[in-house]
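**Student:** Chains as they are written, first to last, in the working numbering: chain V, -2 to 372; chain Z, -2 to 372. Think of the CB as a built atom: it goes at the ideal place given N, C-alpha and C, for glycine as much as any other residue. Because the structure is a prediction, the values reported are computed rather than measured. First the structure, which I've put down as structure tokens, then a few questions once you've had a look.
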């Protein structure tokens, strides 16, 4: 017979999940209520309003999809992109590549705009592509590339898209809460994120926001959205703004308790203060890493403060270092992904994991692990 | 500023979620670990093996999809059904109708086989349809129709499908753990369920199981599965049986702690004992309901023991009764859905909510609410 699972208290400095605030875990264990319970419906309204706050938007269609960030990505794409729509998709890491795959699976014509892994999306190249091909209707890109730590210029990319009359689909999974993200001011059209990064909530939910321009496109589609679960025209019967909420699917009640609590914590800190904290701690971490003789991957000015890739030095076994950290310090850092596998570690400093104290401990542990791995 | 959400302790006798065992809520609040943490990977293996136990299957591809039951439904359909495949879909309530919608969205040709709401799927009619049209490749049906309380004969339906060389896609969302379900013995091909019914786990996960015949069809598809997230060929890099688990999406760690604990509880009770308990308590509830002068909807022998629809008596405001129960007894029962809206209440006696004690309290509360609603 199996036994109850009693996980150790890991210190999560990987690419997500990040550490969870004890208040959030406590909230998750509160008694489950029904998904149409009047008290739960009030909670849903609060969650929507808190998400608007962190996304810096007044979009009415702002809510958490009841599934991980990849479903948020899929939801944005399958709703906005109709079969035959030409979509320029910027690829500078794993997640741009995933967007391309989904665009093609729903009948869109993907126009890949590729960049070296670890570099940001070059806005000039995007301008050139959109200028050259005026059949392109949508620009898709990743704000904060979790696989490489590159921080692209979402504001400028959105301006370029607008000047070419294109919709934008923006991945903000690792961005939200960690770096400035101004959905309304920048005019982003369809945006998705994840709960387990800078919001410091357990994984499993994908906050999304759509502006009226995107909703108009979705409501005027000639074809049905290919996914029943993600079809916004249906989901909004449950998450929409009407006074009556009708059953669509059974929402993950306790996960939403956790998201609500984690959003409250961000609201208490202030979203701008959260950005500042991530920036300050990211800079501090990089300076400490350099003192250890390690080199962050990518250019300083293009690197996310909340997800720092570090080059694996010559002669070091990358997996051995991670394993020492995990086994001797209960500390998780991430491996490289895709083209960067084996070449970098990815260190997350997201949400509750972005603190000076945790960084100091991590640096000590890293120092020990690097030395020990050479033995 | 919003405040922490402190839900009351509801007694959940609706169509799901059911009450959650305190051990399961406690498990959910344990410290989050990474989704590739070696300890978590061991937990995944245990979850798979416990799910095989409750599904009564040896299928290697048995795991929880990281999203609600509707995504499980979508995953089964979009993987098994290829564009142009003819699918006979039995419709005797909301969920058969939802299957039809999804079949059509992924390019399948749905052949609806319709039955009155509240009745079971008539096996003779299905035999007739499959005999008449030998282009039909798949039979899709709901074992336990949550919208009407009807319990169809999954075993016979599977036999009919096999005799016509058809694959089966079976909705066991409300069935699993509550009524006998023998995936291997009956030869069901693609099966999905939900966490929040007779497993008594919070909503948000969809256990699925696929036999080798279904996997072979999926691996030999001519077209890509339309959903990236649900494409089994990709998901199995994470949930498959290989020793190496690779990143696909970030699993909802804490929700999986809860599922594991809820499956342990069922294993401790014994799956057959769980079926027996649901049956005994369902019969008891129906007898008590009749003593109150109420009438369960549908035929006795076709009714689920874990989800009992009750006819709303003439002259009673159905919403008023539910509201008295909720406000004065913290007790939730469900409204009718679809064609049965306003005509029945749906009373769930699922998982932890299926106990003699809880039923006795519910009957007392119902008696009070019926009287008070007439005032």
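Distance check for residue 285 of chain Z and residue 360 of chain Z, CA to CA, integer angstroms please.
**Tutor:** The alpha-carbon atoms of residue 360 of chain Z and residue 285 of chain Z are separated by roughly 7 Å.
**Student:** Between residue 156 of chain V and residue 84 of chain V, what straight-line distance do the alpha-carbon atoms span, to the nearest angstrom?
**Tutor:** Rounded to whole angstroms, residue 156 of chain V to residue 84 of chain V spans 16 Å at the Cα level.
**Student:** Go through the stretch 140 to 205 of chain V residue by residue and report every complete run of the beta strand (DSSP E) that reaches 3 residues or more, in order.
**Tutor:** Correct list: 164 to 168, 187 to 189.
**Student:** Cβ of residue 274 of chain Z less than 8 Å from any chain V Cβ?
**Tutor:** It does not: the Cβ of residue 274 of chain Z has no partner Cβ on chain V nearer than 8 Å.
**Student:** Tell me which residues share the same chain as residue 118 of chain Z and place their Cβ nearer than 7 Å to its Cβ, disregarding the 5 neighbours each side in the sequence.
**Tutor:** Cβ neighbours of residue 118 of chain Z beyond the five flanking positions: 87, 89, 112, 138, 149, 154.
**Student:** Am I right that residue 92 of chain V and residue 143 of chain V are in contact with their C-beta atoms under 8 Å? What's the rounded C-beta distance?
**Tutor:** About 6 Å separates the two Cβ atoms, so the contact holds.
**Student:** Considering only residues of the same chain and omitting the five flanking positions on each side of residue 50 of chain V, which have a CB-CB separation below 7 Å?
**Tutor:** Cβ within range, chain order: 264, 268.
**Student:** Considering Cα atoms alone, identify which of V:266, V:234, V:229, V:290 is closest to residue 213 of chain V.
**Tutor:** Closest option to residue 213 of chain V, Cα to Cα, is V:229.
**Student:** In the stretch 340 to 372 of chain V, which residues sit with their C-beta less than 9 Å from some C-beta in chain Z, listed in chain order?
**Tutor:** Of all residues in the stretch 340 to 372 of chain V, none has a Cβ within less than 9 Å of some Cβ in chain Z.
**Student:** Are the Cβ atoms of residue 181 of chain Z and residue 43 of chain Z separated by less than 8 Å?
**Tutor:** No, the Cβ-Cβ distance between residue 181 of chain Z and residue 43 of chain Z is not below 8 Å.
**Student:** CB residue 331 of chain Z to CB residue 342 of chain Z, shorter than 8 Å?
**Tutor:** Contact flag set, yes.
**Student:** Reducing DSSP to helix, strand and coil, say where residue 45 of chain V ends up.
**Tutor:** Helix.
**Student:** Give the range of the beta strand (DSSP E) segment to which residue 220 of chain V is assigned.
**Tutor:** Premise fails: residue 220 of chain V is in no beta strand (DSSP E) and is neither H nor E.
**Student:** Quick one, which of Z:296, Z:281, Z:295 has its alpha-carbon nearest residue 289 of chain Z's?
**Tutor:** Of the candidates Z:296, Z:281, Z:295, the one whose C-alpha sits nearest the C-alpha of residue 289 of chain Z is Z:281.
**Student:** In whole angstroms, give me the CA-to-CA distance for residue 204 of chain V and residue 47 of chain V.
**Tutor:** Taking the straight line from one Cα to the other gives about 11 Å.
**Student:** For residue 14 of chain V, count neighbouring C-beta atoms within 10 Å of its own C-beta (all shown protein chains included) and say buried if the count is 16 or more, exposed if not.
**Tutor:** Looking at its Cβ environment, which holds 16 or more other Cβ atoms inside 10 Å, residue 14 of chain V is buried.
**Student:** Please decide whether residue 98 of chain V counts as near chain Z, where near means a Cβ-Cβ distance under 8 Å.
**Tutor:** It does; some Cβ of chain Z falls within 8 Å.
**Student:** Give me whichever residues DSSP pairs with residue 314 of chain Z in a beta bridge.
**Tutor:** DSSP, once it has assigned bridges, lists no residue as partnering residue 314 of chain Z.
**Student:** How about residue 312 of chain V and residue 247 of chain Z: are their beta carbons less than 8 Å apart?
**Tutor:** Their beta carbons are not under 8 Å apart, which means residue 312 of chain V does not touch residue 247 of chain Z by this criterion.
**Student:** Does residue 11 of chain Z come within less than 8 Å of chain V when only Cβ atoms are used?
**Tutor:** Chain V contact via Cβ: present.
**Student:** Mind checking residue 45 of chain V: buried by the 16 CB within 10 Å criterion, or exposed?
**Tutor:** Buried.
**Student:** Pull up the distance between the alpha-carbon of residue 60 of chain Z and that of residue 77 of chain Z, whole angstroms please.
**Tutor:** Residue 60 of chain Z and residue 77 of chain Z: Cα-Cα distance of roughly 16 Å.
**Student:** Rounded to whole angstroms, what is the Cα-Cα separation between residue 32 of chain Z and residue 171 of chain Z?
**Tutor:** So the two alpha carbons sit approximately 28 Å from each other.
**Student:** Give, in chain order, every residue of the stretch 291 to 312 of chain Z whose Cβ lies closer than 9 Å to some Cβ of chain V.
**Tutor:** Residues: none.
**Student:** Starting from residue 6 of chain Z, find everything on chain V with Cβ-Cβ shorter than 7 Å and list it in chain order.
**Tutor:** Chain V residues near residue 6 of chain Z: 28.
**Student:** Residues in the stretch 160 to 171 of chain Z with C-beta within 7 Å of chain V's C-beta atoms, listed in sequence order?
**Tutor:** Hits within the stretch: zero.
**Student:** Going along the chain, which residues of the stretch 203 to 234 of chain V sit with their C-beta nearer than 7 Å to a C-beta in chain Z?
**Tutor:** Those residues of the stretch 203 to 234 of chain V that come within reach of chain Z (Cβ to Cβ, closer than 7 Å) are 221, 223, 224, 225, 226.
**Student:** Cα separation between residue 370 of chain V and residue 254 of chain Z?
**Tutor:** Distance between the alpha carbons of residue 370 of chain V and residue 254 of chain Z is about 33 Å.
**Student:** To which residues of the same chain is residue 362 of chain V closer than 7 Å at the C-beta, ignoring the five residues directly before and after it?
**Tutor:** Within the same chain, residue 362 of chain V has close Cβ partners 322, 326, 328.
**Student:** With DSSP collapsed to three states, give me the class of residue 26 of chain V.
**Tutor:** Three-state result, residue 26 of chain V: coil.
**Student:** Check for me: the alpha helix (DSSP H) holding residue 296 of chain V runs from which residue to which?
**Tutor:** Note, residue 296 of chain V: premise wrong, no alpha helix (DSSP H); not H, not E.
**Student:** Between residue 251 of chain V and chain Z, is there a C-beta pair that is closer than 8 Å?
**Tutor:** At least one chain Z Cβ lies under 8 Å of residue 251 of chain V.
**Student:** DSSP puts residue 87 of chain V in a beta bridge; with which residues?
**Tutor:** Partner(s): V:110.
**Student:** At what residues does the beta strand (DSSP E) containing residue 328 of chain Z begin and finish?
**Tutor:** Note, residue 328 of chain Z: beta strand (DSSP E), 328 to 332.
**Student:** Reducing DSSP to helix, strand and coil, say where residue 117 of chain V ends up.
**Tutor:** Correct three-state label for residue 117 of chain V: coil.
**Student:** Does the beta carbon of residue 18 of chain Z sit closer than 8 Å to a beta carbon anywhere in chain V?
**Tutor:** No - not a single Cβ of chain V is within 8 Å of the one on residue 18 of chain Z.
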